[in-house]
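Encoded as structure tokens, the structure appears first; notes follow it.
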């Protein structure tokens, strides 16, 4: 028979079991955090009618979409979780309670040019709160708390949540008479950190033709820094000159006000006026995150406030606020940097039973007892030499082997071998289960990420 | 702006939040059971190169496949989880430990003609054990234990696991000289239950031209019934006439031998010689299941032993045994029959905090404390009247509302209202968390399915 060389498509992540267990652990941690904050989990189809999915039309994304015919249907794979959410909320609006809080962790598809660390199939982990007509600003204030808790539970400590408000930016550009060029100015301001204020000033005056005074005003504004209280105080100095600005400042102040009550330390949260988020979509609060030791990977979690989620599907005004974690890329980068936590248990079983007698009934009974006690258990059924059985246990990485020979069976016990220390104990099934639970308590739920002391790698 | 009517593709299940919570609970229960038996969770791409996915070629399935071009690539969506597993094992064989035990719960795609209860996107929940060259029959024996545990944890009690062995069938047809027509005979035998032995006999003799004696021999064999011990004893009467038969009988006896040790009651397990499974694929043990009150829905969990998983991708001989649960259809049918367990908690939050003061800081602090204590908590941030806030709590179905007015704040307490009984208690945050945990202990992990006493509905 002709053999087809097996391969996985380029740009599609396919993990070996141990890595998969760590990826699953990240998903599980995020699910738990999102659930703690009262988000309903959704699971919408991966595929939609193209005229529905692409109702907004145009844009760079459209070229990347997996779109195809099946029979008479023009179908497309989802390229994010926001458009399917908009459709869902518009379609089911009468059955939902608003504010509607939903989380969704799922795969999305973008046929980008394949390159290292870029994926064509990748997970997004999204939460959004959708209001009916109105949505209180405190919903925006809660998002940093969720990001903080999510990142912390994943095992990250060295990160910063950066927040701004689009109304402040729009208002400020109105003050300096630059609404028309605001987009281009923001693109230059975005380079402040990379190329420094002199070069940005030169570009503002030479490339965009701004007056020197205007360029200075912009740079003065964009380089406002210090503690969040200081930045807010400096912004108060601009109050009263533009209504949109004032509204944005009120919103930003509200977002900052309850941080401590929400459990977010000041060290992990920063007002940053240079943050704008590319999408036209956002209309108020915007969020970005940064891993302090890996700024080059960009923002693993971003989001913001938008005025109208589902304008292409319904007349109903549905403002919302949300964040999205690009999970596949984050996992890829963390793995590359060696930050996956190898202490976390990744073996498919916690105990591998090695039967040493022809009659396997005692092994089966032991497995049933261990499973009843909540221990993940595999029986090694194959007829192999002891050495090969132990080699299998090693390759699998199981923390315990339970050796069951005639002597053990006669005593109603099992020889439980700790595969790390080599120590072996003769125990009843119940005692073995307790020993396993005690030994693994810390490793079962350990954070999937572990930063290195001292920060970044070489 | 023109409005695009939102819709979800026909044949694609999209659930409202409460139903989704029950579906998720089924997935979660299955994951837990599969994990207890030591299966490694995989998550392979939804898309593969068509020449890889369709290496086997032909067959009815191919017409149903979602296949399309993207740039130069000929791509297909997976139509089951077995072909991607075959590719995975062939591709990563050097990194895997055999026997390789994997579970995968994921969506697959088949563009079938749309009809009620048939889905084009649906979940399969699969486990397989793959051996390198050989795989002990006890792996087959463990599968019914896993099915039993999985169905029981889902909340099903009135079901039957039916088991047979293809070698017994093949051997028997060889004995009666009917190998050539075995496929057609099995299709007729499959109707035994529906049309009765007389009509099957008539079809065997008239349509297939079998001698009367041969037809009788077939009917005698296929109607062997009784306890598993009785059936096995009757089969012993055929021993010694065909090697394949004898081998199959040894295997079937081995599968039955440890049932009790594996925790499967005889009441839920039946040797049934009429089971063949349509696929040519299976070569030994075959499994089907039946919901006793809903036989018409067919077998929600099926599977069997196969000789060679990945013959299209590798020269390596990889025998395996596995089962697959058609989760989306099962959920659909259970829902239609009203068997979803409404006692299980499905609300996105366990406590909805209703702040009654302008200052929301105390509400935020309470929420943070409840979440720290593991209570899923939402704050109602919107500025609405009390009546509207309570209506929201009702629509969401939250079990508890936490009312926080000036009096409660002054006392450092909260008024915790049980939304079911209407009872209200003044408690500290810690007391409230304890009260919630105590009240919901049974409902959080309740089985997602609840059969009605007395069985089937009208």
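Chains as they are written, first to last, in my numbering: chain G, 1 to 458; chain Y, 1001 to 1458. C-beta: ideal position from N, C-alpha, C; glycine also.
On the three-state DSSP scale, how would you describe residue 1042 of chain Y?
Here the question's residue 1042 of chain Y lines up with position 42 in the second chain. Correct three-state label for residue 1042 of chain Y: coil.
How many Å lie between residue 405 of chain G and residue 1132 of chain Y at the Cα?
Residue 405 of chain G sits at position 405 when you count from the first residue of the first chain. Residue 1132 of chain Y sits at position 132 when you count from the first residue of the second chain. In a straight line, the C-alpha of residue 405 of chain G is about 25 Å away from that of residue 1132 of chain Y.
Run the CB neighbour count on residue 409 of chain G, radius 10 Å, all protein chains shown included, and call it buried at 16 or more, exposed below.
Here residue 409 of chain G is taken as the residue at index 409 of the first chain, counted from 1. With 16 or more Cβ atoms within 10 Å of its Cβ, residue 409 of chain G is classed as buried.
Nearest candidate by alpha-carbon position, reference residue 147 of chain G, set G/386, G/324, G/389, G/391
By one-based count along the first chain, residue 147 of chain G stands at place 147. Looking at the Cα atoms, G/324 is the closest of the given residues.
Per-residue contacts from residue 1361 of chain Y into chain G (C-beta, under 7 Å)
Taking the second chain and counting its residues from 1, one reaches residue 1361 of chain Y at position 361. Correct list: 258, 261.
Say whether the segment 307–325 of chain G touches the segment 1003–1011 of chain Y, bearing in mind that this needs 3 or more beta-carbon pairs closer than 8 Å, one atom from each stretch.
yes
Can you tell me where the alpha helix (DSSP H) holding residue 185 of chain G begins and where it ends?
Your numbering for residue 185 of chain G matches position 185 in the first chain. Where residue 185 of chain G is concerned, the enclosing alpha helix (DSSP H) stretches over 182–189.
Under 8 Å from the C-beta of residue 1012 of chain Y: neighbouring residues of chain G
As a first step, residue 1012 of chain Y must be located in the second chain, where it is residue number 12. Within chain G, the residues near residue 1012 of chain Y are 45, 47.
Residue 1074 of chain Y to residue 57 of chain G, Cα distance in whole Å?
What you label residue 1074 of chain Y is simply residue 74 of the second chain in a count that begins at 1. What you label residue 57 of chain G is simply residue 57 of the first chain in a count that begins at 1. The alpha-carbon atoms of residue 1074 of chain Y and residue 57 of chain G are separated by roughly 25 Å.
Spatial distance of residue 28 of chain G from residue 1134 of chain Y (CA atoms):
On the first chain, residue 28 of chain G is found 28 positions in, with the first residue counted as 1. On the second chain, residue 1134 of chain Y is found 134 positions in, with the first residue counted as 1. Each residue's alpha carbon lies about 35 Å from the other.
Do we get a CB-CB distance below 8 Å when we pair residue 408 of chain G with the residues of chain Y?
Indexing the first chain from 1 puts residue 408 of chain G at position 408. Chain Y contact via Cβ: absent.
I want to see whether chain G comes within less than 8 Å of residue 1285 of chain Y, judged by CB atoms only; does it?
Taking the second chain and counting its residues from 1, one reaches residue 1285 of chain Y at position 285. Cβ-Cβ to chain G under 8 Å: no for residue 1285 of chain Y.
Cβ distance (whole Å) where residue 1197 of chain Y is taken to contact residue 1169 of chain Y below 8 Å
Within the second chain, numbered from 1, the residue matching residue 1197 of chain Y stands at position 197. Within the second chain, numbered from 1, the residue matching residue 1169 of chain Y stands at position 169. Going by Cβ atoms, the distance from residue 1197 of chain Y to residue 1169 of chain Y rounds to 18 Å, so no, they are not a contact pair.
What residue does the beta strand (DSSP E) around residue 1271 of chain Y start on, and which one ends it?
Counting from 1 along the second chain, the entry for residue 1271 of chain Y is found at position 271. The continuous beta strand (DSSP E) containing residue 1271 of chain Y extends over residues 1269–1271.
Report the residues of the segment 356–388 of chain G with a CB closer than 7 Å to any CB of chain Y, ordered along the chain.
360, 361, 364, 365, 368, 371, 376, 377, 378, 381, 382, 383
Would you mind telling me which residues of chain G sit closer than 9 Å to residue 1007 of chain Y, beta carbon to beta carbon, in chain order?
In the second chain, residue 1007 of chain Y corresponds to position 7, counting from 1. By Cβ distance, chain G contributes 48, 49, 52, 87, 91.
For residue 386 of chain G, three-class secondary structure by DSSP
Residue mapping note: residue 386 of chain G aligns to position 386 of the first chain, counting from 1. The answer is helix: DSSP assigns residue 386 of chain G an H, G or I state.
Would you report the Cα separation of residue 1078 of chain Y and residue 1122 of chain Y, rounded to the nearest angstrom?
Numbered from 1 along the second chain, position 78 holds the residue referred to as residue 1078 of chain Y. Numbered from 1 along the second chain, position 122 holds the residue referred to as residue 1122 of chain Y. In a straight line, the C-alpha of residue 1078 of chain Y is about 11 Å away from that of residue 1122 of chain Y.
Continuous beta strand (DSSP E) assignments of at least 3 residues falling wholly in the segment 238–295 of chain G
If we require 3 residues or more, the beta strand (DSSP E) runs fully inside the segment 238–295 of chain G come out as 269–271, 282–291.
Strictly below 8 Å CB to CB, what residues from chain G border residue 1111 of chain Y?
Here residue 1111 of chain Y is taken as the residue at index 111 of the second chain, counted from 1. Neighbours of residue 1111 of chain Y in chain G, taken as residues whose beta carbon is under 8 Å from its own, are 70, 71 in chain order.
With DSSP as the reference, label residue 457 of chain G as helix, strand or coil.
In the first chain, residue 457 of chain G corresponds to position 457, counting from 1. Note on residue 457 of chain G: pLDDT 47, under 50, position unreliable in the model; no value is reported.
May I ask you to report which of helix, strand or coil DSSP gives residue 13 of chain G?
Position 13 of the first chain, counted from the start, is the residue given in the question as residue 13 of chain G. In this structure, residue 13 of chain G counts as coil in the three-state DSSP scheme.
Taking residue 484 of chain G as part of the alpha helix (DSSP H), name the residues at either end of that continuous run.
This structure cannot settle anything about residue 484 of chain G, because the visible part of chain G is limited to 1 through 458.
Name the chain Y residues whose beta carbon is nearer than 8 Å to that of residue 3 of chain G?
Numbered from its first residue, the first chain carries residue 3 of chain G at position 3. Within chain Y, the residues near residue 3 of chain G are 1312, 1313, 1314, 1315.
Are the beta-carbon atoms of residue 1165 of chain Y and residue 1285 of chain Y separated by less than 8 Å?
Taking the first residue of the second chain as 1, we reach residue 1165 of chain Y at position 165. Taking the first residue of the second chain as 1, we reach residue 1285 of chain Y at position 285. Yes.
Just the chain G side, please: which residues come within less than 9 Å of residue 1117 of chain Y by C-beta, in chain order?
As a position in the second chain, residue 1117 of chain Y is number 117, starting the count at 1. Within 9 Å Cβ-Cβ: nothing; residue 1117 of chain Y doesn't reach chain G, min ~17 Å.
List, from N- to C-terminal side, the beta strand (DSSP E) runs of 3 residues or more that fit wholly inside the segment 1399–1455 of chain Y.
1400–1404, 1414–1418, 1424–1427
Beta carbon of residue 1160 of chain Y nearer than 8 Å to that of residue 1259 of chain Y:
Position 160 of the second chain, counted from the start, is the residue given in the question as residue 1160 of chain Y. Position 259 of the second chain, counted from the start, is the residue given in the question as residue 1259 of chain Y. Contact: no.
What residues of chain Y sit near residue 81 of chain G, judged by a beta carbon separation below 7 Å?
Within the first chain, the letter at position 81 stands for residue 81 of chain G. Neighbours of residue 81 of chain G on chain Y: none; closest Cβ ~13 Å, over 7 Å.
At least one CB of chain Y closer than 8 Å to the CB of residue 20 of chain G: is that the case?
Walking along the first chain from the start, residue 20 of chain G turns up at place 20. By this cut-off, residue 20 of chain G is an interface position.
Inspect the CB distances between the segment 385–403 of chain G and the segment 335–353 of chain G and report whether three or more fall short of 8 Å.
yes
Mind listing the chain Y neighbours of residue 38 of chain G? Cutoff is C-beta to C-beta under 7 Å, in chain order.
The residue given as residue 38 of chain G occupies position 38 in the first chain. Chain-ordered, the chain Y residues with CB closer than 7 Å to the CB of residue 38 of chain G read 1348, 1349, 1376, 1377, 1378.
Among G/211, G/193, G/207, which has the Cα closest to the Cα of residue 177 of chain G?
Numbered from 1 along the first chain, position 177 holds the residue referred to as residue 177 of chain G. The residue with the shortest Cα to Cα distance from residue 177 of chain G is G/211.
Between the Cα of residue 1266 of chain Y and those of Y/1116, Y/1230, Y/1248, Y/1016, spot the shortest distance and give me the residue it belongs to.
Along the second chain, one-based indexing puts residue 1266 of chain Y at 266. Looking at the Cα atoms, Y/1230 is the closest of the given residues.
Contacting residues, own chain, Cβ-Cβ under 6 Å from residue 30 of chain G (five flanking each side not counted)
Counting from 1 along the first chain, the entry for residue 30 of chain G is found at position 30. Cβ within range, chain order: 125, 150.
On a Cα-Cα basis, can you pick out the residue from G/344, G/318, G/100, G/156 that is closest to residue 334 of chain G?
Position 334 of the first chain holds residue 334 of chain G. Closest by alpha carbon: G/156.
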